[in-house]
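In the numbering used here, the protein residues as written are 4 to 533. Beta carbons: idealized from backbone N, C-alpha and C, even for Gly. One structure below.
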Amino acid sequence: MAGNPRAFGPRPRGRRPTVALRVPRPSLPSFPRIPRLHALGAPCYLSRSRARRHPLSRSRPPQSFGVTESFRGEPWSHDARLRTIAFLGELGLNTYVVAPFDGPKLRRGWETPFDAGELQRFAELYAAGRAAGVEVIVGVAPARLRGVGGLNARRDRDGNGVNDDQWPRLRDKFLSLQDVGGRGFLLAFDYTLPSYFSSTATLRAARLHAKAARLVLFALRERDPEAFVWLTPAVDHGAWDALKFGAPRYWMALGRDLPPAVRVLWTGLRRRSPRIRAEVAARLARATGLQLVAVARDPEDDRLTGFAQELMARRPRSAWRALKGRALRFGPRDTIDPELIGNAAAVLVEGAPEAGLTRVVLACFAETIADGAAYDPIQAHGRALARVSGAAAPDLTLLYRLVQRQGRRLLIEGLEVDLEDLVSRSRRSRDGEAREMLRRALRVLRGLPARLREGLGDDPLWREVAPSAEKIAALAALGLKALVAEDAKAAGHAVKAKGLRRECRRAAKALRRTRPLVAMGPIYDLIESP
């Protein structure tokens with residue numbers, strides 16, 4: 004029987020007899036049989052010509068939802084990885100990908116073996132993942148991997164299509180991780196020569212990447228039939244009908260040559276897509292026949308964190324842009340299409356830098372996965388804050404509501420009051436009770452940062468929101484102070500008074516000239532209303 008030249012296994016030389024295996028969609032233990040036939044001297048291929056039409060080809064492993072760390076940045080610390088894995092297990096998420104762009108010995112120094120200390124840390128990650136029910140996937144990016152058409156007989160004596168000097172190092176790299184407990188692995192070809200950009204992604208590169216993924220998968224499944232491999236392609240973004248240059252041929256070659264079990268990472272229309280749409284992913288999956296792993300690289304819901312970071316860096320325009328107008332983005336719903344959750348093979352959110360992916364974001368992401376189209380962003384965000392911050396949740400919720408222009412209602416000594424109603428009563432009839440409640444509200448706002456500091460302590464969440472909390476609470480208290488003035492009429496126009504305007508200007512200057520933030524506070528809306 005004639006072998007399929009695009010199928011599994013090394014290419015035969017000469018006119019040796021070939022064994023062709025036609026199976027629908029091989030089960031997990033099926034793959035190791037093929038290298039064994041090679042060892043017996045029988046060139047063997049797995050033909051996929053009928054696999055797509057077979058009913059079993061529709062089955063696939065369970066979906067994966069979780070985190071990929073620093074896909075374009077610095078690696079996380081070991082303690083941060085352990086904390087994140089444990090928290091993912093609490094949330095019911097099941098995947099953690101270690102594939103940092105600047106990770107030592109994962110990209111630039113990938114040919115250097117891991118030392119004993121590094122393998123010990125990976126073993127701890129795998130053990131923590133098993134305890135939490137989280138699959139830990141470690142990625143390696145073999146930069147400048149040579150193979151397929153660029154090799155001569157001297158560099159490819161075994162005929163597997165990959166350089167003889169590089170293939171053993173790549174194989175041993177993954178096998179060393181498998182020895183310490185690894186089961187899932189990522190082979191990343193983004194930003195690796197010769198395919199930095201989609202215009203340079205060639206058919207030859209696709210064949211090399213698919214060949215490397217097959218060889219790695221076979222080597223791993225020789226030891227563990229449950230092992231699996233994911234792939235980051237050289238072209239990891241773009242819609243199918245908008246791909247240019249060699250990108251369409253690259254994706255089609257991956258769909259033709261990759262084993263069906265290999266999932267492929269994709270970041271949407273761009274490398275950092277503001278929203279990953281289900282219909283765009285579906286068109287790409289139908290055209291190529293690949294299982295896509297959608298990576299949301301902009302999942303933050305608490306824009307207050309980004310605002311504080313930009314503020315401390317003295318970049319007022321970036322700080323204002325970080326708030327995305329006058330409202331926070333509640334949950335990953337703004338980034339991930341709900342229909343994508345049910346159709347993609349996996350959905351991951353990226354965290355770069357280490358503090359950029361807060362526990363609030365992860366909790367909201369978990370609710371997005373669980374609720375789908377029924378996801379309520381505001382309620383989910385409140386529950387996430389309560390889960391993360393514990394006793395400090397009410398104060399933290401108040402802070403977020405102030406930034407959102409929703410802070411008209413305030414909890415004072417167990418009684419929820421409407422600030423707008425109190426201000427109206429105070430202006431209309433000089434209601435003494437209303438003014439007393441306003442004074443109490445002023446004390447609540449002034450003491451907000453202190454209570455947050457006491458409730459959160461050394462929690463990383465407090466370090467993220469502290470700069471914004473103090474400034475926003477000060478502005479809100481400043482506005483309410485004008486309302487508590489003795490004369491109701493003076494209170495209504497106090498914001499126009501010279502002294503108070505000077506204080507407002509000082510506050511705005513302290514906010515690095517983010518003047519629109521002054522108008523964001525609902526208290527100022529009440530003051531300036533006629």
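Same chain only: Cβ atoms within 6 angstroms of residue i, ignoring 5 sequence neighbours per side
i, result
"Gly-142", "Ala-102, Leu-189, Ala-191"
"His-212", "Phe-192"
"Ala-222", "Arg-174"
"Arg-61", "In this predicted model, Arg-61 has a pLDDT of only 35, less than 50, meaning its place in the structure is not dependable; the value taken from the coordinates is given anyway. Excluding positions up to five away in sequence, the list is empty."
"Asp-105", "Glu-77"
"Ala-135", "Ile-88, Ala-89, Gly-92"
"Leu-360", "Gly-354"
"Arg-39", "With a pLDDT of only 39 at Arg-39, under 50, the local geometry of the prediction cannot be trusted, and the value read off the model is given with reservation. Nothing meets the Cβ criterion."
"Ala-376", "Pro-341"
"Val-139", "Tyr-99, Leu-128, Tyr-129, Gly-132"
"His-81", "Arg-124"
"Gly-249", "Ala-204, Thr-205"
"Trp-254", "Thr-291"
"Leu-85", "Ala-131"
Close Cβ partners of residue i (< 7 angstroms) along its chain, the five nearest in sequence each way excluded
i, result
"Ile-279", "Gly-271, Ala-297, Ala-299, Thr-338, Ile-339, Asp-340, Leu-343"
"Ala-369", "Leu-94, Gly-95, Leu-96"
"Thr-87", "Val-70, Tyr-99"
"Lys-501", "Because Lys-501 sits at a pLDDT of 45, beneath the cut-off of 50, its placement in the model cannot be relied upon, and the point is left open."
"Ala-290", "Trp-243"
"Gly-66", "Per the sequence shown, the amino acid found at residue 66 is Gln instead of Gly. Only Ala-348, Ala-349 meet the Cβ criterion."
"Ala-83", "Glu-357"
"Arg-110", "Phe-104, Ala-144, Ala-146"
"Phe-117", "Lys-108, Ser-179"
"Ala-281", "Asp-340, Glu-342, Leu-343, Asn-346"
"Pro-251", "none"
Per DSSP, cross-strand counterpart(s) of residue i
i, result
"Pro-295", "Position check: residue 295 holds Leu in this sequence, whereas Pro was assumed. Paired residue(s): Val-267."
"Ile-339", "Ile-279"
"Leu-234", "Leu-190, Val-267"
Boundaries of the alpha helix (DSSP H) in which residue i is found, first to last residue
i, result
"Ser-179", "170-182"
"Tyr-253", "250-260"
"Val-363", "362-374"
"Gly-187", "Note, Gly-187: premise wrong, no alpha helix (DSSP H); beta strand (DSSP E) at 187-191."
"Val-219", "206-226"
"Leu-128", "119-135"
Host beta strand (DSSP E) of residue i (start-end)
i, result
"Glu-353", "349-354"
"Val-143", "138-143"
Rounded Cβ spacing between residue i and residue j (contact assumed at less than 8 angstroms)
i, j, result
"Val-267", "Leu-246", "Rounded, the Cβ-Cβ distance is 14 angstroms, inconsistent with contact."
"Lys-176", "Trp-113", "7 angstroms"
"Ala-216", "Val-137", "Contact flag wrong, Cβ pair sits at about 23 angstroms."
"Leu-2", "Ser-179", "No information on residue 2 is available, as it lies outside the stretch 4 to 533 that the chain covers here."
"Gln-181", "Arg-226", "6 angstroms"
"Ala-208", "Ala-237", "6 angstroms"
Own chain residues within Cβ distance below 8 angstroms of residue i, not counting five before or after
i, result
"Thr-115", "Lys-108"
"Ala-242", "Leu-272, Val-283, Arg-286, Leu-287"
"Ala-126", "Val-183, Gly-184"
"Ala-373", "Gly-95"
"Leu-261", "Ala-213, Ala-216, Arg-217, Leu-234, Val-267, Leu-293"
"Val-240", "Looking at the sequence provided, one finds His at residue 240 rather than Val. Cβ within range, chain order: Trp-269, Thr-270, Gly-271, Leu-272, Arg-273, Arg-274, Ser-276."
"Leu-220", "Phe-34, Ala-230, Phe-231, Val-232, Pro-262, Ala-264, Val-265"
Residue i Cβ short of 6 angstroms to the ligand FMN heavy atom set
i, result
"Gly-112", "The ligand FMN is not part of the structure shown, which contains no ligands of any sort."
Ignoring anything shorter than 3 residues or poking outside the segment 66-111, list the beta strand (DSSP E) runs there in chain order. Counting only runs of 3 or more, we get 67-72, 98-101.
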